[in-house]
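First comes the structure, then the notes that go with it.
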Amino acid sequence: VKRMGRNGFHFFTEALQEIVMNKIVLEQQLRSGALQSQLLQYYQPVINAKNFNVCGAEMLVRWNHPLRGILPPSEFLGDIEELGFLSAIDVVNLDLACKQLAEWRSSGLVNDSFVLAVNASEQLIKEDNFQGIIKSDLDKANLLGCNLSIEVTEGVLVSDFDKTSTILNLIKGYGVKVAIDDFGTGYSSMAYLKWLPASILKVDRSFVQNVPDSVADCRVLKAIIVMAKGLDFEVIVEGVETIEQARLCCEYGADMFQGYLFSKPLPPEEFAFFIEQHKPA
Ligand code: C2E
Ligand code: CA
Ligand code: CA
Ligand code: CA
291 VKRMGRNGFH FFTEALQEIV MNKIVLEQQL RSGALQSQLL QYYQPVINAK NFNVCGAEML
351 VRWNHPLRGI LPPSEFLGDI EELGFLSAID VVNLDLACKQ LAEWRSSGLV NDSFVLAVNA
411 SEQLIKEDNF QGIIKSDLDK ANLLGCNLSI EVTEGVLVSD FDKTSTILNL IKGYGVKVAI
471 DDFGTGYSSM AYLKWLPASI LKVDRSFVQN VPDSVADCRV LKAIIVMAKG LDFEVIVEGV
531 ETIEQARLCC EYGADMFQGY LFSKPLPPEE FAFFIEQHKP A
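Going by full-length UniProt numbering, the sequence shown opens with residue 291, and the numbers climb by one from there.
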């Protein structure tokens with residue numbers, strides 16, 4: 291700061307002031323509920339690797355900012371989490387996603403085996419009565435537990451393994467699927483993989499990115515998929531962007547894909563259109 295001289299320092303404090311101001315405004319908007327009303331639920335198709343049919347979707351939140359347009363989670367979820375509002379936001383989004391799925395089911399757009407995945411923050415999982423929230427969302431929307439999948443990262447699990455796995459086992463009792471998100475980027479050792487209270491592993495995008503160009507990356511991807519399948523997990527590969535990547539994932543034994551090759555996350559109307567276009571004959 292010193293080396294930048296007076297002007298540099300001035301610039302620095304102004305930038306800092308702006309950040310603080312933004313946070314204060316954000317907090318006010320969170321408290322008043324104004325922010326929640328600007329959030330949108332987008333849906334990214336999940337594709338069955340055997341027949342390339344759409345077998346589910348992941349709900350991914352967006353912020354329809356009045357001045358800046360549609361923002362991805364990386365622009366705002368961190369601040370919301372820091373301000374302690376992430377679980378409140380997740381609770382509402384989860385409820386809205388269940389309602390959306392119920393609507394798609396009753397209109398016949400998707401069938402009974404369709405699985406909706408929702409990201410659960412650490413704050414959400416540790417809400418008092420998380421299992422009660424899940425149960426009432428399912429009941430209200432008339433869904434079966436197996437229509438819903440809850441995605442948690444390894445980090446969330448590791449931070450309080452006993453407590454988190456107890457909670458996750460409770461929701462598994464309703465038939466809800468549990469998925470380990472961003473698999474391979476966290477801390478879990480191979481040894482305790484088999485103890486994870488999950489039935490789905492989502493292989494992180496970073497393992498696919500350089501496939502097939504990097505031979506080493508191909509081997510690592512294959513090893514992860516083979517190991518996960520050997521431990522009876524269902525495997526979803528994230529971030530599949532090319533046909534060659536999809537082909538290799540298939541060959542290695544992946545069960546499902548999610549990625550721009552098929553579709554980016556879509557607003558509900560476009561998602562419905564995508565499904566219509568890709569309905570099996
Ligand atoms: P995630 O759960 O790992 O979600 C997958 C991310 O990868 C999404 O980013 C998706 O748009 C992106 N993606 C999918 N396919 C491709 C691809 O082929 N190439 C590339 N480059 N990217 C791809 P997005 O929507 O920006 O979300 C980022 C993260 O924000 C999510 O990562 C998730 O951790 C978090 N998130 C999103 N919605 C929610 C929410 O409602 N609640 C909570 N707690 N977290 C959320
Ligand atoms: Ca996810
Ligand atoms: Ca992920
Ligand atoms: Ca992620």
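For every residue, glycine included, the Cβ atom is placed at its ideal position computed from N, Cα and C.
- Approximately 7 Å separates the beta-carbon atoms of Val408 and Glu441; this is inside 8 Å, confirming the contact.
- Taking the Cα positions, Asn312 is about 30 Å away from Ser449.
- Ordered along the chain, residues surrounding ligand 2 are Asn409, Glu441, Asp471 [Cβ under 5 Å from any heavy atom].
- Asn338 is bridged by DSSP to Met546.
- Following the DSSP letters along the chain, one finds Trp353 inside the beta strand (DSSP E) bounded by residues 344-355.
- The alpha carbon of Gln421 has as its nearest neighbour, out of Ser322, Val446, Cys388, Lys462, the alpha carbon of Lys462.
- Boundaries of the alpha helix (DSSP H) harbouring Ala562: 558-567, taken from the DSSP string.
- In this structure, Asp494 sits away from Glu444, with a CB-CB distance that is not shorter than 8 Å.
- A residue is called buried when at least 16 other Cβ atoms come within 10 angstroms of its Cβ; Ala518 meets this threshold and is buried.
- Between Ser489 and Phe523, the C-beta gap is smaller than 8 Å, which places the two residues in contact.
- Under the three-state reduction of DSSP, Lys389 is assigned to helix.
- In the DSSP assignment, Val505 falls outside any beta strand (DSSP E) and lies within the alpha helix (DSSP H) extending over 505-520.
- With a threshold of 7 Å, the Cβ atom of Asp494 counts as near ligand 3, since some heavy atom of the ligand is closer than that.
- The DSSP-derived three-state label of Thr456 is helix.
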